[in-house]
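Undergrad: Please find one structure pasted underneath; my questions will follow.
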Amino acid sequence: MLYHLLFPLAQHSIIFNVFRYVTFRSIGAFITSLLLSLFLGPYFIRMLKRMAAVETIDDDAPEKHRIKAGTPTMGGLIILSSLMISSLLWNNLSNHSILMMYLTTIWLGLLGFLDDYLKNYVKAKKGLVPKYKLWGQFSIAFLLSLAIYFSHDSVSSVSALQIPFFKNTYLELGMLFIPFIMFFIVGTSNAVNLTDGLDGLASGIMIFSALGLGVMAYLKGNFIAAEYLNLEFLPSAGELTVFIAAMIGTLIGFLWFNSYPAQVFMGDTGSLTLGGVMAVISILLKEQIFFVIIGFLFLWETMSVIIQRSWFRYTKKRFGAGKRVFLCAPVHHHYELKGLHEAKIVIRFWIVAILLLALGLSTIKLR
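Take any residue in the sequence shown, note its place counting from 1, add 65, and you have its number in our numbering.
Here is the structure:
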């Protein structure tokens, strides 16, 4: 909005020319979303407490989690409201990639909110029926996959998958691109949701993953940097940088309230939405494999659940008694049951996320 209102004034005063620069608007978006989340946080926490929209603890959760019962959830409202306001202020609203981000944020945000509302306010234990939740996720994923497939923002084939570590190396998916993208969006959305099990865990990891995507978006949106680093130049990537900056700002602000001991949880309102948002950003940047590298912890959390359930079913069928690979899944609960303090687990996961970020960024220079 500020871009559309103030940049045209550059013909009258050169000071307004700063609004054309992605770096200036990214800094503005970051600061705006950070301050908004810090300001709105206490208000939303009080509102959620009044609504009795508080966390309910599953029967199979670690015993230490009993003390979390009664903590406000649906804190994703803090994240999404700050993100959207900041982006509306600083982004070029005519950019088609930004419009896709708004569609993703609103659709998945409403889906996650409905799930949280049913689970924590209406007290329907399972929340939204899983098949309806998946239907909602696949619906938006299908619409987005079509929109991306028929877009023309890149020189190379839009259905080509960029292979990190190698210069100008792509895997052409053809029509398989659409189902691949659908499962990638839904899978990432649910992976982040599974990771959101400890105070500050998902929000901290997402900050580092978003930072990696932000660096990639800036480089691909800058013709000189993209040419120097042998990256594909994507004209709309610059606006994604501004959006990602707003996302990082609001996540840091939310972490102020979500760090141990958490005053609020993001719930599905935040985790389902931001997982899908980051997946779509990586697709628009044609950097899905890069995102898997920097966000590998999300994949590991999901794989721990799949491994646990598959092995239990196999051993129960084969030997008559189910056996477990982990003490509990997702894997962060495994470390809890081994006696590690929650804060130590979270910080160690953050350290791994930083190392994965460094590994991912190293692929840029190695292409």
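Virtual Cβ for every residue (Gly too), placed ideally from N, Cα, C.
#1: So, is residue 230 buried or exposed, given that buried needs 16 or more other C-beta atoms within 10 angstroms?
#2: At which residues does the alpha helix (DSSP H) containing residue 379 begin and terminate?
#3: Should residue 293 go down as buried or exposed, given a rule of 16 or more other Cβ atoms within 10 Å for buried?
#4: Look at the alpha carbon of residue 150 and the alpha carbon of residue 94, and state the distance between them as a whole number of angstroms.
#5: Do you know offhand how far residue 401's Cα is from residue 393's?
#6: Below 8 Å on the Cβ atoms is my contact criterion, and I expect residue 174 with residue 332 to pass it. Report the Cβ-Cβ distance as a whole number of Å.
#7: How big is the Cα-Cα spacing for residue 177 and residue 144?
#8: Under a Cβ-count criterion, where at least 16 other Cβ atoms within 10 Å of its own Cβ denotes burial, should residue 297 be classed as buried or exposed?
#9: Could you tell me the distance, in whole angstroms, from the CA atom of residue 320 to the CA atom of residue 275?
#10: Check each candidate in 391, 157, 406, 206 and name the one with the smallest Cα separation from residue 169.
#11: If we ignore side chains and look at the alpha-carbon of each, how far apart do residue 407 and residue 426 end up?
#12: Taking C-alpha atoms, which residue in 351, 360, 84 lies nearest to residue 238?
#13: Looking only at its own chain, which residues have a Cβ that is under 6 Å from the Cβ of residue 66, when we skip the five neighbours before and after it?
#14: Can you give me the start and stop residues for the alpha helix (DSSP H) that residue 299 sits inside?
#15: Quick one: complete beta strand (DSSP E) runs, 3+ long, within the stretch 177-237?
TA: Let's see:
#1: Exposed, since its Cβ has fewer than 16 Cβ neighbours within 10 Å.
#2: Where residue 379 is concerned, the enclosing alpha helix (DSSP H) starts and stops at 361-384.
#3: Under this definition residue 293 is an exposed residue.
#4: CA-to-CA, the gap between residue 150 and residue 94 works out to about 9 Å.
#5: For residue 401 and residue 393, the distance between alpha carbons rounds to 9 Å.
#6: Actually they are not in contact, since the Cβ atoms of residue 174 and residue 332 sit about 11 Å apart, beyond 8 Å.
#7: Cα-Cα distance, rounded: 13 Å.
#8: So residue 297 counts as buried.
#9: The alpha-carbon atoms of residue 320 and residue 275 are separated by roughly 14 Å.
#10: Relative to the Cα of residue 169, the nearest Cα in the group 391, 157, 406, 206 belongs to 206.
#11: For the pair residue 407 and residue 426, the Cα-to-Cα distance works out to about 29 Å.
#12: If we check each option's Cα against that of residue 238, 351 comes out closest.
#13: Same-chain partners within the cutoff: 153, 154.
#14: Premise fails: residue 299 is in no alpha helix (DSSP H) and is neither H nor E.
#15: Complete beta strand (DSSP E) runs here, min 3: 225-227, 235-237.
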